[in-house]
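This report refers to the structure that appears directly beneath it.
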Amino acid sequence: MTKRDWLEIKARVAGTLADTVADLMEQLGALSVTWQDAADSPILEPKPGERRLWPDTEVTGLFTKDADKEAILSTLTAILGDHVPLAALDLEDQDWVRAWMDNFKPLQCASNLWICPSWCTPPDPGAAVVMLDPGLAFGTGTHPTTFLCLKRLAALRFTGKRIIDYGCGSGILAIAALKLGAASALGVDIDEQALIASRDNATRNGVAERLSLFLSPAQQPQEKAPVVVANILAGPLTELEPVLASLCESDGTLLLSGLLDEQADEICEAYARDFLPVYREVREGWALLELKRLSQA
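Residues in the sequence shown are numbered consecutively from 1, following this note's numbering.
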């Protein structure tokens, strides 16, 4: 018989009901409630002030070991109806920190580039290795958009050149570029926490003196660069075309990601005035675009 240290109860509901079910679980004694995608559905960009959940959302409540499982399930069924799938799981206590750490392994993005958590030994010391732990800012390399950017950066030749990472998040792309041979990098983000994370990660990787950080929109780099990368979302990317064009040197390279494959053509049209598309790669429905900056008069 499985020992129970915790009780986990899951309900699969429409996203519109997720908050209601979460509130109900809390009223029934849940210590925490989490949401996750129940059907592998991407979330597209929300409108300002909007918070979207997946169309099919799995709501999970964590209860103490002495919680009355049958009573909780009975109450949920009585309120939600017996058409709502419910599941209960008895959990044994464990080293949750170790379990969390075990989810993150060294990630090879290219033959010459690895992303490695600090508690792991780099598999290939001869390659460029970015030591990076999961944190508050976006970007650990595991998401398809970040992976695509890292893979493409590793294929570019920019040794001794400057790179601009617009929407730098954790700083992973700028740091990877520096590890791959860039002379300097400029990171821009609208979130001060992202800049703190970028600075900490750059220090951990020994490249902080070559990374300059800017808080947008109050600050903007004045320098241009031969390589500019922006891993954001399709809507902001469309709006940022004039800004990114102003930062990219003539005949320079612009890498765009954070967009779905079906959004790529629209992005190319938005950038057609200043850029020529030269490369496109798709991973799990997400796209990366490489554009060439047209010569400037």
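Every residue, glycine too, gets a C-beta built ideally from N, C-alpha and C.
Notebook entry, point to check: Touching or not, the region 101-116 and the region 18-36, by the rule of three or more beta carbon pairs under 8 Å?
Noted result: no
Margin query: Helix, strand or coil for Phe104? Go by DSSP, reduced to three states.
Written below: Within the sequence shown, the letter at position 104 stands for residue 104. Residue state, collapsed to three classes: coil.
Next item on the list: Please decide whether Glu209 counts as near chain C, where near means a Cβ-Cβ distance under 7 Å.
Entry: No chain C appears in the structure shown, which is made up of a single protein chain.
Check: Which stretch, first to last residue, makes up the alpha helix (DSSP H) that contains Ile172?
Finding: Against the sequence shown, residue 172 aligns to sequence position 172. First-last of the alpha helix (DSSP H) with Ile172: 172-179.
Checklist line | Nearest-angstrom Cβ-Cβ length linking Asn65 and Trp6, presumed shorter than 8 Å | finding: Counting from 1 along the sequence shown, the entry for residue 65 is found at position 65. Counting from 1 along the sequence shown, the entry for residue 6 is found at position 6. Looking at the sequence shown, residue 65 is not Asn but Lys. At roughly 6 Å, the Cβ-Cβ gap stays under 8 Å, so Lys65 and Trp6 are in contact.
Check: Taking all protein chains shown into account, do 16 or more other C-beta atoms lie within 10 angstroms of the C-beta of Gln219, making it buried, or fewer, making it exposed?
Finding: For the purposes of this step, residue 219 is taken as the residue at position 219 of the sequence shown. Exposure of Gln219 is indicated by the presence of fewer than 16 other C-beta atoms within 10 angstroms of its C-beta.
Notebook entry, point to check: Between the C-alpha atoms of Gly126 and Ala110, what's the straight-line distance to the nearest angstrom?
Noted result: Indexing the sequence shown from 1 puts residue 126 at position 126. Indexing the sequence shown from 1 puts residue 110 at position 110. Answer to the nearest angstrom: the Cα atoms are 13 Å apart.
Next item on the list: For the region 168-187 and the region 264-271, state whether three or more C-beta atom pairs, one from each stretch, are separated by less than 8 Å.
Entry: no
Margin query: Excluding the 5 residues flanking Ile232 on each side, which residues of the same chain have their C-beta closer than 7 Å to its C-beta?
Written below: Position 232 of the sequence shown, counting from 1, holds the residue named residue 232. Taken in chain order, the residues that qualify are Gly167, Gly258.
Notebook entry, point to check: Buried or exposed: Arg162, going by 16 or more other Cβ atoms within 10 Å of its Cβ?
Noted result: Translated into the one-based positions of the sequence shown, residue 162 becomes position 162. The residue is buried, with at least 16 neighbouring Cβ atoms inside 10 Å.
Check: Do you know whose CA, among Pro122, Leu153, Asp90, Ile115, lies nearest Leu289's CA?
Finding: Taking the first residue of the sequence shown as 1, we reach residue 289 at position 289. Nearest option by C-alpha distance: Leu153.
Next item on the list: Tell me Leu256's beta-bridge partners as DSSP assigns them.
Entry: In the sequence shown, counting from the first residue as 1, residue 256 sits at position 256. Per DSSP, Ala230, Leu289.
Checklist line | CB of Val207 within 7 Å of CB of Asp165, strictly | finding: Mapped onto the sequence shown, residue 207 falls at position 207. Mapped onto the sequence shown, residue 165 falls at position 165. Contact flag unset, no.
Margin query: Quick check on DSSP: helix, strand or coil for Pro221?
Written below: Mapped onto the sequence shown, residue 221 falls at position 221. Here DSSP, grouped into helix, strand and coil, assigns Pro221 to coil.
Check: Taking buried to mean at least 16 other C-beta atoms within 10 Å of its own C-beta, is Cys120 buried or exposed?
Finding: Position 120 of the sequence shown, counted from the start, is the residue given in the question as residue 120. Looking at its Cβ environment, which holds fewer than 16 other Cβ atoms inside 10 Å, Cys120 is exposed.
Margin query: Taking the alpha carbon of Gly61 as the reference point, which residue from Ala18, Leu237, Pro55 has its own alpha carbon closest?
Written below: Numbered from 1 along the sequence shown, position 61 holds the residue referred to as residue 61. Out of Ala18, Leu237, Pro55, Ala18 has the C-alpha closest to the C-alpha of Gly61.
Notebook entry, point to check: Per DSSP, Thr16 forms a beta bridge with which residues?
Noted result: The sequence position of residue 16 within the sequence shown is 16, counting from 1. By DSSP's assignment, Thr16 forms no beta bridge with any residue.
Next item on the list: Rounded to whole angstroms, what's the CA-CA distance from Glu8 to Ala155? Just pull it up for me.
Entry: Working through the sequence shown from its first residue, we reach residue 8 at position 8. Working through the sequence shown from its first residue, we reach residue 155 at position 155. If I take the Cα positions, the gap works out to 45 Å.
Item checked: Asn112 to Phe158 span [Cα, whole Å] -> Here residue 112 refers to the residue found at position 112 of the sequence shown. Here residue 158 refers to the residue found at position 158 of the sequence shown. Taking the straight line from one Cα to the other gives about 14 Å.
Checklist line | Length of the line joining the Cα atoms of Thr20 and Leu291 | finding: Within the sequence shown, numbered from 1, the residue matching residue 20 stands at position 20. Within the sequence shown, numbered from 1, the residue matching residue 291 stands at position 291. The straight-line gap from Cα to Cα measures roughly 45 Å.
Checklist line | Residues that Leu76 bridges to, as DSSP identifies them | finding: If you number the sequence shown from 1, residue 76 lands on position 76. Answer is none; Leu76 lacks a bridge partner.
Checklist line | Reduced DSSP category for Leu136 - H, G, I as helix; E, B as strand; rest coil | finding: Your numbering for residue 136 matches position 136 in the sequence shown. Any reading at Leu136 needs caution, since the residue's pLDDT is 47, under 50, leaving its predicted position unreliable; the model's value is listed next. Of the three classes helix, strand and coil, the one that applies to Leu136 here is coil, per DSSP.
Next item on the list: With a threshold of 16 other CB atoms inside 10 Å of the CB of Gly285, please say whether the residue is buried or exposed.
Entry: Taking the first residue of the sequence shown as position 1, residue 285 is located at position 285. Flag for Gly285 reads exposed.
Next item on the list: Measure from the alpha carbon of Asp261 to the alpha carbon of each residue in Ile72, Glu281, Ser295, then state which is nearest.
Entry: As a first step, residue 261 is located in the sequence shown; it is residue number 261 there, counting from the start. Here the closest residue by C-alpha is Glu281.
Check: Could you give the distance in angstroms between the alpha-carbon of Gln296 and the alpha-carbon of Ser250?
Finding: Taking the first residue of the sequence shown as position 1, residue 296 is located at position 296. Taking the first residue of the sequence shown as position 1, residue 250 is located at position 250. If I take the Cα positions, the gap works out to 6 Å.
Check: If you draw a straight line from the C-alpha of Val33 to the C-alpha of Val59, how long is it?
Finding: Taking the first residue of the sequence shown as 1, we reach residue 33 at position 33. Taking the first residue of the sequence shown as 1, we reach residue 59 at position 59. Approximately 7 Å between the Cα atoms of the pair.
Margin query: Rounded to whole angstroms, what is the Cα-Cα separation between Leu73 and Pro55?
Written below: What you label residue 73 is simply residue 73 of the sequence shown in a count that begins at 1. What you label residue 55 is simply residue 55 of the sequence shown in a count that begins at 1. Distance between the alpha carbons of Leu73 and Pro55: 23 Å.
Next item on the list: Name, in chain order, the residues that DSSP records as bridge partners for Gly61.
Entry: In the sequence shown, residue 61 corresponds to position 61, counting from 1. Per DSSP, Ile9, Val33.
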